[in-house]
Every structure is written in C-alpha cells, then in structure tokens.
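Here the sequence shown is numbered in the working numbering, starting from 1297 and rising by one per residue. Glycine residues also receive a C-beta, built at the ideal position from the N, C-alpha and C atoms. Contents: one structure, followed by commentary.
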Amino acid sequence: MLEVKQLKVSYGRIPILHGVDFNVTEGEFIGILGHNGMGKTTLLKALIGLLKPVSGEIQLKNQNITRYPPHKRNRFGIGYVAQGRDIFPNLTVRENLRTGILMHKNLRSKETTIIEEILEDFPRLESLLNRRGGVLSGGEQQILALARCLCGSPELLLLDEPTEGIQPSIVEEIIEILKNLRVKRGLTVVLVEQNLEFISALSDRVYVIRRGVFTGELSPEQLANPEIVQEFVGMN
Ligand SMILES: Nc1ncnc2c1ncn2[C@@H]1O[C@H](COP(=O)(O)OP(=O)(O)OP(=O)(O)O)[C@@H](O)[C@H]1O
Ligand SMILES: [Mg+2]
C-alpha cells in the first residue's frame, strides 16, 4: 500500500532524514521506534506532505504521491494525527468531529451516520459531545483527535506518539480501540512512538530510527528483550 524509497528531508541546509526506505502492506500495523529528535515527526510530515523531501519517492496504492499537497494525500486515503493532541479547544467534541467530516465533500451528506459509527468505536466520547475540547483531559483529547481523523475514513493512518503524556489506563483504551478498528475497518497504520509497550502491543513489524536512518527491524521476540531493544534504539 505504501512504499517509501530513499526519502531525504532537510530543514534548510540541515539534513534530517538520510534516505529512508520502507514498505507497508495493506492491513499491516507498522511501528517506528526512536528516541527524541531522531526524525519520527519529520518522517510523518513528509508522508502527509507538510514537508517537501529533498529527494526520494513516496508511493501510495501504486501511485507516486511525492508531489501531492497534503489535502490531496488526505483525500487519497491518508489520515494523520499530529503529535500533541491537535484538536480545536474552543469547539465542542461534536463540532471537532464535524470538522473531520466537512473537509471531505463526499462525506458531508453522511454526517449523522458517520458520527453514530464513530461513537460506537469511541464510546467514551458519547457523554462528552457537548463539552469543549479544551476542557477535556489529555487522554480524552488524544482519543478525540483519533476519532476526528477516523471521521474522514482514512485507509492509511499515521499516528505521531499518541501515548505521549497519557495515563496508562487510557493507553490501554487506545490499544483496544485500534485493535478493534483494525478488524472492523481493515485499517493500515504507521505508528511512531517511544513507548515500547504500546508499539509492541500493536505492531506487526517495528523499524528502529536513529538520527534520521532506519537502523534495523525488530521481531516480536527481540522487542520482548529490553537489552536488545536498548542496543538497537541507542541512547538519546
Ligand atoms: N522546523 C525545524 N527546523 C529545524 N530543525 C528542526 C525543525 N523541526 C525539527 N527539527 C530538528 O530535526 C530533528 C528531528 O526532529 P523530529 O521532530 O522529527 O524528531 P522526533 O523523533 O519526532 O522527536 P520527538 O520524539 O521529540 O517528537 C531534531 O534534531 C529537531 O531538532
Ligand atoms: Mg516528534
């Protein structure tokens, strides 16, 4: 479904990604594990089109999307949940969900059905519908950000550290939600994280990123061994 070839990204003259290669098959959950500053967000921003690569190619569903702007990639099936719970604090939960629908012209007439379906997948949001986004807890905001993205029916979901600063019970809840969505919607997911337990619970394969380079792939057995993970992921 997604094929990334020799992707290089710089900020000004500073190279950050040094030729990243990886593939994701339809229905797969891929984890990308790396410490702070290793290039995880930069990679996702390049995949959604917020950053222009210096060179390399991104293919989605066998189409070269490297030069598509973000809204076109979004319409073509990529959903992106940014790092840091990017919701509208002054809109209610219901209005936040609506924004995820209204940006897709073809979904506007199905708004009521989409919101009903989303509430089945995210039952916690039902009692919060009329509350302003800004007053929700961090975990609730993260769940809302995920739900809003799902309102656009993405085929490929890019998640940037959804567990950052979130209490363990909500992390568990997000794991269950994503497992359920996988079965129900056949989603494909690329997840970047530092949280080893979360990434292990969800990923079929895990790549390690270190200073803008994919340095290896960890099997589930290797992931279960903290010493091996430490060796691959390295120090900050
Ligand atoms: N707008 C920018 N201009 C210049 N350098 C930047 C910019 N954004 C990020 N960087 C640098 O690029 C590198 C990779 O940053 P990136 O945000 O991709 O890391 P990350 O793996 O997502 O880290 P974290 O886990 O802290 O979110 C870092 O050294 C960072 O300082
Ligand atoms: Mg980041």
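- Collapsing the DSSP output to three states places GLU1523 in a helix.
- Leaving aside the five residues that flank GLU1513 on each side, the residues in its chain whose CB is nearer than 8 Å to its CB run, in chain order, ARG1501, VAL1502, TYR1503, VAL1504.
- DSSP places PHE1494 in the uninterrupted alpha helix (DSSP H) bounded by 1492-1498.
- Counting other Cβ atoms within 10 Å of its Cβ, TYR1307 stays below 16 and is therefore classed as exposed.
- Collapsing the DSSP output to three states places LEU1425 in coil.
- In the displayed model, LYS1336 falls within a helix according to three-state DSSP.
- Sequence-distant partners of ALA1520 (beyond 5 residues in either direction) whose C-beta falls short of 8 Å from its own C-beta, in its chain, are SER1496.
- It is roughly 32 Å from the alpha-carbon of PHE1384 to the alpha-carbon of LYS1304.
- Annotation: SER1423 to GLY1448 spans about 22 Å, alpha carbon to alpha carbon.
- GLY1375 places its beta carbon less than 8 Å from that of PRO1450.
- Among the bridge pairs identified by DSSP, GLU1489 is matched with LEU1329.
- Residue pairing from DSSP places THR1388 in a beta bridge opposite ARG1428.
- By the Cβ neighbour-count rule, LYS1336 is buried, with 16 or more other Cβ atoms within 10 Å of its own.
- In its chain, beyond the 5 residues on either side, THR1337, ASP1456, GLU1457 have a beta carbon closer than 6 Å to the beta carbon of GLN1379.
- In this structure, ASN1332 has its CB closer than 7 Å to one or more heavy atoms of ligand 1.
- ILE1495 has its Cβ no nearer than 7 Å to any heavy atom of ligand 1.
- Secondary structure of GLY1375 (DSSP, three-state): strand.
- Membership of GLU1412 in any beta strand (DSSP E) is not indicated; the residue belongs instead to the alpha helix (DSSP H) covering 1407-1417.
- The shortest C-alpha to C-alpha distance from GLN1359 to any of VAL1300, LEU1474, LEU1498 is the one to VAL1300.
- Taking LEU1403 as the centre and dropping the five residues before and after it, the same chain places the C-beta of ILE1397 closer than 6 Å to its C-beta, in chain order.
- Using a Cβ distance threshold of 8 Å, GLY1373 and LEU1483 do not count as a contacting pair.
- With contacts defined by Cβ atoms closer than 8 Å, PHE1325 and SER1465 do not form a contacting pair.
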